[in-house]
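Counting from 1, position 232 in the sequence shown corresponds to residue 219 in this note's numbering; the numbering is continuous, with no gaps. The next block holds one structure in the form of structure tokens; read it before the comments.
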Amino acid sequence: MAIVVQLLSRNNKIIHQQRFAHDEITVGRGYQNDLRLDDPYICAHHMQINRDPLSGALLCQDLESINGTKINHDICTMSNLHDQDIITIGRTHLRIFDADAEVAPTLRLSDFEENISWLNKKRIALGLTFIVFLFAAYSNFIASFDEIKSSRLVLTTLGQLLLFSIWPLLVAGLSRLNKKESRLASQFSLLWLFLLLMEIFTFLRGVIDFNFPQLPLVAGLDALFYAVSAFAFIWMTLFVAFHQTSKRRNIISGLMSFLLIFGLYFEDVVEEESFNSRPSYNLPLLPSTYHFHEPMGTEEWINETESLFEKLEQKRLAEESN
């Protein structure tokens, strides 16, 4: 039976792995050790790993080192080792276990991963970047009530896209730290598709508000759409960046989506309604071409207003007579 020694990073990710065929290995900074570690806080003869001839269990023994040996952050001089134990000597992290130890169950490879491989093409990511830039610039233009210059519009939109770019860079970096392929192009493609979907939805919502400002249940549908879209985006991001079980991916995506939606609607939930002499309106400012009906002329509006007052007067008289 063989012994496997894994050299780990600070966050316990595998840096190097070595397999020893014999049942006794020594670890230290000296060149005569089976495993030599170049760490100034490790003694020349720091610790020894033996296999119990009766039970077959691995035994870790500290060789009276200056800084000691820790197993799962606890100082020990002699202790049995288990598969997931983390050994710390000096500033070095190790995992030592039997080569016959069972590995985690194999994850089933999904065909879905092959179907979205086109997202990792740079030309797709660049094309989506340009499309999102155009949509975002137009949205900024129609949302502005002041005169806006083209140079300012371009800089504002670029600043927004750069701010959003933090997310794929962060996810790709975390994936790289976990020894996985970063797939940066896929992360950007997913981000731009999500933002493009948000821009289209926001524009359509603006057109609906522009024509039917009193339409009920719109706010609830908004929250549902944002929640489903956020869950799908985070789920896809995790699917591309990390190798996780579906259960873990669903839990993380659900929690992050909940926190995101709760943050968006937190003020509306906790703020008590009160009278405001100067209410603020958030109706979209769109050209008349987006109106579903012909605009009403001034004379027609005055006539309808007069007829409305007449109906109110008739209703008042009828109530008084009753």
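The beta carbon of each residue, even a glycine, is placed where N, CA and C say it ideally should be.
For the alpha helix (DSSP H) holding residue 97, just list the boundary residues, first then last. Bounds of any alpha helix (DSSP H) do not take in residue 97, whose DSSP letter is neither H nor E.
Ordered along the chain, which non-local residues of its own chain (more than five positions away) have a Cβ less than 7 Å from that of residue 86? For residue 86, where only same-chain residues beyond five positions count, the Cβ hits under 7 Å are -12, -11, -10, -9 and 6.
Looking only at DSSP bridge pairs, what is residue 82 linked to? Assignment of beta-bridge partners to residue 82 by DSSP yields -7.
Within 7 Å (strictly less), CB to CB, does residue -7 reach chain B? This model lacks chain B altogether; it includes just one protein chain.
Going by beta-carbon coordinates alone, are residue 144 and residue 159 separated by less than 7 Å? Taking 7 Å as the Cβ cut-off, residue 144 and residue 159 do not qualify as a contacting pair.
Would residue 50 pass as a contact of residue 34 if the rule is Cβ separation under 7 Å? In this structure, residue 50 places its C-beta atom within 7 Å of the C-beta atom of residue 34.
What is the DSSP secondary structure of residue 290, reduced to helix, strand or coil? It is helical.
By the three-class DSSP mapping on this structure, what secondary structure does residue 118 have? Taken through DSSP and simplified to helix, strand or coil, residue 118 comes out as helix.
Contacting residues, own chain, Cβ-Cβ under 7 Å from residue 173 (five flanking each side not counted): Closer than 7 Å at the Cβ level, and outside the excluded window around residue 173, lie 106, 107 and 227.
Which residue's Cα is closest to the Cα of residue 92: 231, 3 and 116? When each option's Cα is compared against that of residue 92, the closest is 231.
Using the rule of at least 16 other Cβ atoms within 10 Å of the residue's Cβ for burial, across every protein chain shown, is residue 38 buried or exposed? By the 10 Å Cβ count, residue 38 comes out buried.
Is the distance from the Cβ of residue 244 to the Cβ of residue 217 below 7 Å? Contact: yes.
Can you tell me which of the three DSSP states residue 238 falls into? Three-state DSSP puts residue 238 in a helix.
Could you please give the first and the last residue of the uninterrupted beta strand (DSSP E) stretch that includes residue 199? For residue 199, there is no enclosing beta strand (DSSP E), as DSSP gives it neither H nor E.
Backbone CA spacing between residue 12 and residue 234 [nearest angstrom]: Between residue 12 and residue 234, the C-alpha separation is close to 39 Å.
Per DSSP, residue 14 is paired with what? For residue 14, the pairing in a beta bridge is given by DSSP as 22 and 34.
Euclidean distance between Cα positions of residue 9 and residue 94: The straight-line gap from Cα to Cα measures roughly 32 Å.
Residue range of the beta strand (DSSP E) that residue 66 falls in? It spans 65 to 67 - the beta strand (DSSP E) in which residue 66 sits, taken as one unbroken run.
Grouping DSSP H, G and I as helix and E and B as strand, with all else coil, what is residue 39? Three-state result, residue 39: coil.
Please classify residue 209: does DSSP put it in a helix, a strand, or coil? Three-state DSSP puts residue 209 in a helix.
Taking all protein chains shown into account, decide if residue 56 is buried (16 or more other Cβ within 10 angstroms of its Cβ) or exposed. Burial call: buried.
For residue 58, which three-state DSSP category applies? Note: residue 58 maps to strand in three-state DSSP.
Taking 7 Å as the limit between beta carbons, can you name the residues of its chain near residue -1, skipping five residues before and five after? The answer, listed in chain order, is 73 and 80.
Inter-residue spacing [alpha-carbon to alpha-carbon] between residue 21 and residue 222: For residue 21 and residue 222, the distance between alpha carbons rounds to 44 Å.
Less than 7 Å between C-beta atoms, sequence neighbours within five positions excluded: which residues of the same chain meet that for residue 224? Scanning its chain for C-beta atoms nearer than 7 Å, with the 5 sequence neighbours on each side dropped, one finds around residue 224 the residues 158, 174 and 177, in chain order.
Please name the residue or residues paired with residue 49 in a DSSP beta bridge. Beta-bridge pairing links residue 49 to 34.
Which word fits residue 97, buried or exposed, when buried means at least 16 other C-beta atoms lie within 10 angstroms of its C-beta? By the 10 Å Cβ count, residue 97 comes out exposed.
Start-end ranges of the alpha helix (DSSP H) lying completely within the segment 123 to 207, minimum 4 residues: Taking 4 residues as the minimum length, the alpha helix (DSSP H) runs contained wholly in the segment 123 to 207 are 137 to 151, 153 to 164 and 171 to 198, in order along the chain.
By the 10 Å Cβ neighbour count, where 16 or more other Cβ atoms means buried, how is residue 121 classified, buried or exposed? It is exposed - the Cβ of residue 121 has fewer than 16 other Cβ atoms within 10 Å.
In angstroms with no decimal places, state the Cα-to-Cα distance between residue 210 and residue 126. Computed Cα separation, rounded: 20 Å.
Tell me, please, which residues DSSP counts as bridged to residue 1. Residue 1 pairs with -5.
Take residue 103 as the anchor and find which of 274, 238, 170 and 196 has the nearest alpha-carbon. For the options 274, 238, 170 and 196, the alpha carbon positioned closest to that of residue 103 is the one of 170.
Beta-carbon proximity check, residue 30 vs residue 2, cutoff 7 Å: It is not a contact, given that the beta carbons lie outside the stated cut-off.
Is DSSP giving residue 285 helix, strand or coil here? Reduced to three states, the DSSP call for residue 285 is helix.
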